[in-house]
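Chains W and Z, in that order, are what the protein sequence lines are.
Note that the numbering used here has the first sequence beginning at 1, numbered continuously upward.
Note that the numbering used here has the second sequence beginning at 1001, numbered continuously upward.
Since the structure comes first, as structure tokens, the remarks are kept for the end.
Protein chains: 2
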Amino acid sequence: MGRIAKVSSADVARAAGVSRTTVSYVLNGVAETNIPTATRERVLTTARQLGYRVNSLAKGLKSGRTALIGVYCRVREDTFHERVVHGIYDICYDEGYNVLIAYLGTTELIEEESIRRMLDYNVTGIIRIVIGSLTNVEIDRLNVVQEREEVPCVLIDDSTHNDQFDCVVSDDIAGSIAAVNHLISIGHKRIGHVNAGDQTSTARARREGYYASLRLAGIKVDESLVRGNSYTAADQLDSIRSLLAMPNRPTALFCPNDAAASIAREVARDMRLSVPDDLAIVGYGDSDIAHYGGLTSVDQEPEELGRLAVRRILDLNETPHTSRKQILGPTRLVVRSSTAGGPFSLTGGSAGKARD
Amino acid sequence: MGRIAKVSSADVARAAGVSRTTVSYVLNGVAETNIPTATRERVLTTARQLGYRVNSLAKGLKSGRTALIGVYCRVREDTFHERVVHGIYDICYDEGYNVLIAYLGTTELIEEESIRRMLDYNVTGIIRIVIGSLTNVEIDRLNVVQEREEVPCVLIDDSTHNDQFDCVVSDDIAGSIAAVNHLISIGHKRIGHVNAGDQTSTARARREGYYASLRLAGIKVDESLVRGNSYTAADQLDSIRSLLAMPNRPTALFCPNDAAASIAREVARDMRLSVPDDLAIVGYGDSDIAHYGGLTSVDQEPEELGRLAVRRILDLNETPHTSRKQILGPTRLVVRSSTAGGPFSLTGGSAGKARD
DNA sequence: TTGAGTTAGTGACACATGTCAGTAAAGCTG
DNA sequence: CAGCTTTACTGACATGTGTCACTAACTCAA
């Protein structure tokens, strides 16, 4: 009934009739020592029989490093974080790592303390999922972690500081080009862009992709079709209303996130504009909003961003002093009824599934 | 440049001119030993000056328990998980705990191993976020954790096994009653329910709430208005189509999740039915789908479920042998345009915010 | 036979902590 | 001032590892 005493390597040693050192050598596969296969097998089988598991705390205490990876972000925003963390766990599981997570609020104090607590567990690395942009205080703090504590840090979804930190971002330019190319390919020429400003690297890249696509297609850029300067919903609502109020309004909108696309559709509904006939809409991120709302969108495959980040941490852990690297993740256009017409169906996209 | 050597309690002892034992007593506030305030202060200030932090690994190794709480779930489903984990972190932060997270796939092996890894770190407790229902294998495994390893377990969002496990669920009956009451209050009498079957406790409770609300209002239950028997999208699509194809079809639908509500709206659109005039729709969960799609929905406040679960774990940790408890979390009806009409606005609900 | 070299393995330390048992000094009491 | 109690503190052990340095036994060529 009571707690089962955990078996230690000493227990295994006793049962196998060897010293604890031998057990350790066998279990860690130390190459320099030559242990005959007979005893090696004997140790391994008794370890298995006793259900031995290495004590992660003791191991970490001794070695100064645990198989833990810390992940944190400020606040929840649609399903992006969660998909990233899912990808992070994928690789961590395969590599024998565990994931320590923190959801910070807006207070600086909490961030400081949360990072310290991760370091208290001697994590192998820290992944910061960035929404928006980092403050100077945050940058300094991460620099301390990286330089002084020598714990590798990787940023996800922000390449603004790619000179100071390793970062993993999805290829927003390629994704945006695919999105706008799609609109062009179904006949649109006046395509509006809900600009999200210069603050974030994602907003800059998505706008850049928009311009690039038009250029590639030989469509002259009309600057009056690019409006807005932040990701805030209020600003997006304003931009969309003003775009659709133009005398020769755009026939399609490329939005930098699904929230904006969703707002656009609601505004269109208010204006009695039919989607996609009067107005085609493309969002970005392939969130549940897009999946369930039938919005064409660009999937950033956040899981893959998470996987890439973990792999980078593990690389840095083996060869610490490589130069900073920016890694691009894939994107994928998911076409739905907001650009394609036709009746509603359940297919397409990977963002969401039914839950209870 | 190099790694800063971490300060140990021995360093503090040396600097303060006392023994390590004294440092330990002061820092842990051991009551039995009488340490004069002078030395106590001296120890505390030198600890602060040196930036001393207790080594969580050594502490955990010695005490057999770490300030870690393990959380795991099978797969991502809209934003529910993430909001729960956010709430979990809230309390964990306040109480000095860290959160270990695992996103399992569908393989049994991964679950077994993931739990074992958490136990390898001597976690204080394990929280299982249930989507759908538990298999017998899973139940057995959690029982082992709880009984043999004596690590408290709490289930979130499933009360089916409330005799064996502590669980935290949102009050689905109350939430459903509020939702259906709302439909009744705006004049609906023929209200359909997209039934999600008997497999999950949430589905049962939401259906029960539907019946209860009708009964309270004195509306006779028409069983032909209750269709479907699972949470799968295909089944829901069938049920909704069949409900809306009835000769005297319902004027309102109460759906057991937002995915179904979203499907209902798309089906209505295909049928040229106006929402909410021809058909009012209420979802459940207040996910991003609802928030951005203007769906009236019931917010389960998943953060609160997470908070309650952590508090329960901490309680169980202090007084282990209390009997199993089922804890109910609050719900909140969020009215939007799918039942209320009026132009689109940005207010209402807490599920989502704009992100980059 | 002897010295060198190999094989197979072990003892002991260090990591940072919590805590039990012990102890020297001081204070108090009769 | 002996004897007891209290104060203020410490030494030593235990937790489970990884690993360095060391050794006893054995092999083998000269």
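Think of the CB as a built atom: it goes at the ideal place given N, C-alpha and C, for glycine as much as any other residue.
For clarity, every value in this text was computed on a predicted model and none was experimentally measured.
Quick check: what's the CA-CA separation for residue i versus residue j?
{"i": "T1331 of chain Z", "j": "D315 of chain W", "result": "46 Å"}
{"i": "V145 of chain W", "j": "P152 of chain W", "result": "8 Å"}
{"i": "M1 of chain W", "j": "R1148 of chain Z", "result": "Any answer about M1 of chain W is weak, because its pLDDT of 46 lies below 50 and its placement is not dependable; what the coordinates show is given next. Cα-Cα distance, rounded: 6 Å."}
{"i": "V43 of chain W", "j": "Y52 of chain W", "result": "11 Å"}
{"i": "I127 of chain W", "j": "D166 of chain W", "result": "10 Å"}
{"i": "A31 of chain W", "j": "L61 of chain W", "result": "23 Å"}
{"i": "E1223 of chain Z", "j": "L1273 of chain Z", "result": "23 Å"}
{"i": "T21 of chain W", "j": "I35 of chain W", "result": "11 Å"}
{"i": "A38 of chain W", "j": "S8 of chain W", "result": "22 Å"}
{"i": "S287 of chain W", "j": "Y1292 of chain Z", "result": "11 Å"}
{"i": "R1311 of chain Z", "j": "L1216 of chain Z", "result": "35 Å"}
{"i": "N162 of chain W", "j": "L328 of chain W", "result": "12 Å"}
{"i": "G17 of chain W", "j": "A5 of chain W", "result": "20 Å"}
{"i": "T232 of chain W", "j": "M1246 of chain Z", "result": "43 Å"}
{"i": "R1249 of chain Z", "j": "V1334 of chain Z", "result": "25 Å"}
{"i": "P1276 of chain Z", "j": "V221 of chain W", "result": "40 Å"}
{"i": "R355 of chain W", "j": "V1075 of chain Z", "result": "With a pLDDT of only 38 at R355 of chain W, under the threshold of 50, the placement of this residue in the model should not be trusted; the figure read from the coordinates follows. In a straight line, the C-alpha of R355 of chain W is about 10 Å away from that of V1075 of chain Z."}
Less than 7 Å separating the beta-carbons of residue i and residue j?
{"i": "V1012 of chain Z", "j": "A1047 of chain Z", "result": "yes"}
{"i": "R83 of chain W", "j": "E318 of chain W", "result": "no"}
{"i": "Q1251 of chain Z", "j": "H1188 of chain Z", "result": "The residue asked about is misnamed: residue 1251 of chain Z is Thr in this sequence, not Gln. Yes, they are a contact pair."}
{"i": "I1173 of chain Z", "j": "A1203 of chain Z", "result": "no"}
{"i": "Y1097 of chain Z", "j": "A1058 of chain Z", "result": "no"}
{"i": "S201 of chain W", "j": "D158 of chain W", "result": "yes"}
{"i": "A1309 of chain Z", "j": "V1154 of chain Z", "result": "yes"}
{"i": "I91 of chain W", "j": "R307 of chain W", "result": "yes"}
{"i": "A1290 of chain Z", "j": "D1258 of chain Z", "result": "yes"}
{"i": "I1101 of chain Z", "j": "V1071 of chain Z", "result": "yes"}
{"i": "I1219 of chain Z", "j": "L1253 of chain Z", "result": "no"}
{"i": "R1040 of chain Z", "j": "V1054 of chain Z", "result": "no"}
{"i": "D1120 of chain Z", "j": "S24 of chain W", "result": "no"}
{"i": "G360 of chain W", "j": "S262 of chain W", "result": "Lying before the first or after the last residue shown, residue 360 of chain W is absent from chain W, which here runs from 1 to 356."}
{"i": "S133 of chain W", "j": "Q199 of chain W", "result": "yes"}
{"i": "T1079 of chain Z", "j": "T79 of chain W", "result": "yes"}
Between which two residues does the beta strand (DSSP E) holding residue i run?
{"i": "C73 of chain W", "result": "L68 to C73"}
{"i": "F254 of chain W", "result": "A252 to F254"}
{"i": "I129 of chain W", "result": "G125 to I129"}
{"i": "L225 of chain W", "result": "Neither: L225 of chain W is in no beta strand (DSSP E) and is coded neither H nor E."}
{"i": "R332 of chain W", "result": "R332 to V334"}
{"i": "V99 of chain W", "result": "N98 to Y103"}
{"i": "V1012 of chain Z", "result": "Per DSSP, V1012 of chain Z belongs to no beta strand (DSSP E); it is in the alpha helix (DSSP H), S1009 to A1016."}
{"i": "D1172 of chain Z", "result": "D1172 of chain Z -> not in any beta strand (DSSP E); alpha helix (DSSP H) instead, spanning D1172 to S1185."}
{"i": "I281 of chain W", "result": "A280 to V282"}
{"i": "V1298 of chain Z", "result": "S1297 to D1299"}
{"i": "V1043 of chain Z", "result": "Run containing V1043 of chain Z: none in the beta strand (DSSP E); it sits in the alpha helix (DSSP H), T1037 to L1050."}
{"i": "Q326 of chain W", "result": "Q326 to G329"}
{"i": "H1193 of chain Z", "result": "I1191 to V1194"}
Check for me: the alpha helix (DSSP H) holding residue i runs from which residue to which?
{"i": "C1153 of chain Z", "result": "Segment C1153 to I1156 is the beta strand (DSSP E) holding C1153 of chain Z; no alpha helix (DSSP H) there."}
{"i": "D1270 of chain Z", "result": "D1258 to D1270"}
{"i": "H1086 of chain Z", "result": "F1080 to E1095"}
{"i": "H1291 of chain Z", "result": "D1288 to G1293"}
{"i": "G209 of chain W", "result": "S201 to A217"}
{"i": "A58 of chain W", "result": "S56 to S63"}
{"i": "N143 of chain W", "result": "N136 to N143"}
{"i": "L367 of chain W", "result": "No answer is possible for residue 367 of chain W: it lies beyond the span of chain W, which begins at 1 and ends at 356."}
Am I right that residue i and residue j are in contact with their C-beta atoms under 8 Å? What's the rounded C-beta distance?
{"i": "P256 of chain W", "j": "Y284 of chain W", "result": "5 Å"}
{"i": "V130 of chain W", "j": "I156 of chain W", "result": "6 Å"}
{"i": "S230 of chain W", "j": "A196 of chain W", "result": "6 Å"}
{"i": "H193 of chain W", "j": "V226 of chain W", "result": "5 Å"}
{"i": "G1064 of chain Z", "j": "N1122 of chain Z", "result": "6 Å"}
{"i": "S1239 of chain Z", "j": "G1228 of chain Z", "result": "3 Å"}
{"i": "I186 of chain W", "j": "T322 of chain W", "result": "So it is not a contact: roughly 44 Å between Cβ atoms."}
{"i": "R260 of chain W", "j": "Q236 of chain W", "result": "Note that residue 260 of chain W corresponds to Ala in the displayed sequence, not to Arg. Contact holds; Cβ gap of about 4 Å."}
{"i": "Y103 of chain W", "j": "C73 of chain W", "result": "7 Å"}
{"i": "L1050 of chain Z", "j": "A1010 of chain Z", "result": "Their Cβ separation, rounded to whole angstroms, is 11 Å, which puts L1050 of chain Z and A1010 of chain Z out of contact at 8 Å."}
Let me check you understand the geometry: is the CB of residue i closer than 6 Å to at least one non-hydrogen atom of the ligand GTP?
{"i": "R1042 of chain Z", "result": "Because no ligand of any kind appears in the structure shown, any question about the ligand GTP cannot be addressed here."}
Is the region 298-305 of chain W close to the region 170-180 of chain W, with three or more CB pairs under 8 Å?
yes
Would you call the region 1104-1114 of chain Z and the region 1080-1094 of chain Z touching, i.e. three or more CB-CB distances under 8 Å?
no
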